[in-house]
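See below for the structure under consideration.
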Amino acid sequence: MAVLLEEIVQSVEMWLSLLRRQKAEQYVDPNLDPVLLVPGIAGSIMKAVNSGNGKEERVWVRILGADYKCRSKLWSRFDPSTGKTVSLDPNSTIVVPEDRFGLYAIDLLDPDLIIGRDCVYYYHDMIVEMIKWGFQEGKTLFGFGYDFRQSNRLPETLERLAAKLELVYNASGEKKINIISHSMGGLLVKCFMSLHSDIFEKYVKNWIAIAAPFQGAPGYVTSTFLNGMSFVEGWEQNFFISKWSMHQLLIECPSIYELMGCLDFHWQHIPALEIWREKQDSDGNSRLILESYSPEESIEIFKEALSSNTVNYDGESIPLPFNLEILKWANETREVLSSAKVPSQVKFYNIYGTNLETPHSVCYGSEETPVTNLRELPFCQPSYVCVDGDGTVPTESAKADGLNAEARIGVPGEHRGILCDHHVFRILKHWLKADSDPYYNPVNDYVILPTTFEMESHKEKGLQVTSLKEEWEIISEDQVEQDNMADTKHMVSSISVSQVGDNHSPRAEACATVIVHPQNEGKQHVELNAVSVSVDA
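Per the working numbering, residue 1 is the first one in the sequence shown, and the count goes up by one each step.
Dropping the structure here:
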């Protein structure tokens, strides 16, 4: 029954996707340079191929049987000799579909469009928007999905990316490529640029990184190592992969280790792992202590907390402790990332998220319920000390790309949601030269978005009367301090101009009122109301 339901859902999905594409493919601009979209962790559809009969089945993302398929097809072990994590199922190979020139795998990840949860949409909104701008699938718009379990410098993945760049270059008539990466995809692109700079420079024109954890996502990764993660929140978790199953999957994923907070980075506040413990002094008296561990010191805590972690696979108990071999590999990846440089012929841009509380340090236990055994940590609920960011990646990590950037722009937004943010779309449209927007100023890190334009004109008693209403929204990284918000008032200004009539032009007068509203959450609203009166010639 489940198989039939899934086939029905896939048929509906294909039908609806065709409808969407028919509506979206209205305009093609032949002058645009090609774009390659590169997703982040968990941002690619993956299928398991049976080595015996060649049958394919989607294992990421899916609703029906999701948890079972994760455990049976995606659970893996790291091979230090190759740097690859290999599925425990010896009869399955994980592949990423290449349909729609790679876009299918990174567009709509939800296998059930009837539910259509936004949290498992990926580049969908951006793809639809870019098609409206004149991009065309297979000509100027492509996608690169990959096995997100693997290291960002895995040779196999980098070879696929090199082949994809060549394919896009040739398909577009030998035009250089704009790469748009999101999240961990930025680390993948940076590794490629570091290890294959000649290929990168040959094929790439611009690289735009969005919400990239250039110096890691320390709070997010610390809790992931000890508790796992959920990609779906709320009641939908009952139909998706359990947090425990994800925990066991990610412990053997090099990509997660490569997202740990960078040890060499000069953090404004060093991310810490804190644990409330009950200790006894020399007299046998108990006292509570809040222990604090730096990122480097946290390794010993991870080792102890996961020392007895095991999974049962096909009747066999398999130990899955904190993997020091993967940690060694990840540290070498950090060296590759730190040595990357942007080739002279390539331009790099960085968009990062702001205005959301983002986990930075993680705390377990409390004064009322201290941790008595470190092996209990996987069963404890953490609390967080947060900093500014996009909810997943701290702003200071995303900004610190270590590269020669043309611009770095902060956008108020959530880590995944930033991919469908209208502010980001305006930035991309400008950088991709999909329009010539006179309202946009990327250098000063702000965007002026026209939101309303109304104009009426009529004749009255020999006069030509024209009224104009126009509104803008200014989105800026610079924000008014919250303490001063209560004292901020609307600013109102008036402007009057006049023209003396002559033989060539009639007499005319115009007056306008400009209202500037207080800034709120990085946005500021501006209104213009104007009236002009001229003698009807």
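Where is the CB? At the ideal position from N, CA and C, for every residue including glycine.
Subject >> First through last residue of the beta strand (DSSP E) which encompasses H547 >> reply: Examination of residue 547 is not possible in this model, given that the chain is present from 1 through 537 alone.
Original post:
From T157, V393, E414 and S532, pick the residue whose C-alpha is nearest to that of K459; which is it?
Top reply: Ranking T157, V393, E414 and S532 by Cα distance to K459 puts S532 first.
Original post:
Between which two residues does the beta strand (DSSP E) containing G52 stretch?
Top reply: No beta strand (DSSP E) contains G52, which DSSP labels as neither H nor E.
**OP:** With DSSP as the reference, please indicate the residues paired to W276 in a beta bridge.
**Re:** According to DSSP, which records beta bridges pairwise, W276 is partnered with L290.
Original post:
By how many angstroms is the C-alpha of I106 removed from the C-alpha of K176?
Top reply: Approximately 22 Å between the Cα atoms of the pair.
Original post:
By Cβ distance below 7 Å, which residues in the same chain neighbour M485 in space, the five residues on each side in sequence not counted?
Top reply: Note on M485: pLDDT 42, under 50, position unreliable in the model; the coordinate value appears next. Hits under 7 Å: P518.
Subject >> For C262, the three-state DSSP class (helix, strand or coil) >> reply: Looking at C262 - three-state DSSP - the assignment turns out to be coil, as it is neither helix nor strand.
Original post:
According to DSSP, is E6 helix, strand or coil?
Top reply: The pLDDT assigned to E6 is 44, lower than 50, so where the model puts this residue is not dependable, and the model offers no usable value.
Original post:
What's the call for K84, buried or exposed, on a 16-neighbour Cβ count within 10 Å?
Top reply: Label assigned to K84: buried.
Original post:
Whose C-beta lies closer than 8 Å to the C-beta of L103 among residues of the same chain, with five residues either side of it excluded?
Top reply: Only L37, Y123, I127, E137, L141, F142 and G143 meet the Cβ criterion.
**OP:** Would you identify the three-state DSSP class for P343, choosing helix, strand or coil?
**Re:** It is coil, neither helix nor strand.
**OP:** Measure from the alpha carbon of C380 to the alpha carbon of each residue in G462, W276, H266 and E156, then state which is nearest.
**Re:** Among G462, W276, H266 and E156, the Cα nearest to that of C380 belongs to W276.
Original post:
Counting only runs that start and end within the segment 166–224, where is the beta strand (DSSP E) found for 3 or more residues in a row?
Top reply: List check, beta strand (DSSP E) in window: 177–182 and 204–210.
**OP:** Output the distance between the C-alpha atoms of A512 and D435, rounded to the nearest integer angstrom.
**Re:** Distance between the alpha carbons of A512 and D435: 29 Å.
Original post:
In the segment 35–106, which residue ranges form an unbroken alpha helix (DSSP H) of at least 4 residues, counting only runs that do not cross its ends?
Top reply: Taken in chain order, the complete alpha helix (DSSP H) segments of 4 residues or longer contained in the segment 35–106 are 66–69.
Subject >> Cβ-based neighbour list, K23, same chain, cut-off 8 Å, excluding 5 preceding and 5 following >> reply: Reliability of the predicted coordinates at K23 is poor, the pLDDT of 47 falling under 50, and the value obtained from them is presented with this limitation in mind. Correct list: empty, nothing qualifies.
Subject >> F142 - DSSP class collapsed to helix/strand/coil >> reply: F142: strand per DSSP, three-state reduction.
Original post:
Taking the C-alpha atoms as reference points, what is the distance between V3 and E57?
Top reply: Reliability of the predicted coordinates at V3 is poor, the pLDDT of 39 falling under 50, and no value is obtained from them.
Subject >> Beta-carbon contacts of E129 that lie in its chain and below 6 Å, excluding the five residues immediately before and after >> reply: Result list for E129: F425, in chain order.
**OP:** Measure the C-alpha to C-alpha separation of T369 and V362 and round it to an integer number of angstroms.
**Re:** Distance from the CA of T369 to the CA of V362, rounded to the nearest whole angstrom, comes to 16 Å.
Original post:
In angstroms, rounded to a whole number, what distance separates the CA positions of D33 and K399?
Top reply: Looking at the two C-alpha atoms, the distance is approximately 26 Å.
Subject >> Distance, R100 Cα to S493 Cα >> reply: Each residue's alpha carbon lies about 53 Å from the other.
**OP:** Would you give the residue range spanned by the alpha helix (DSSP H) that Q554 belongs to?
**Re:** Residue 554 is absent from the structure shown; the chain starts at 1 and stops at 537.
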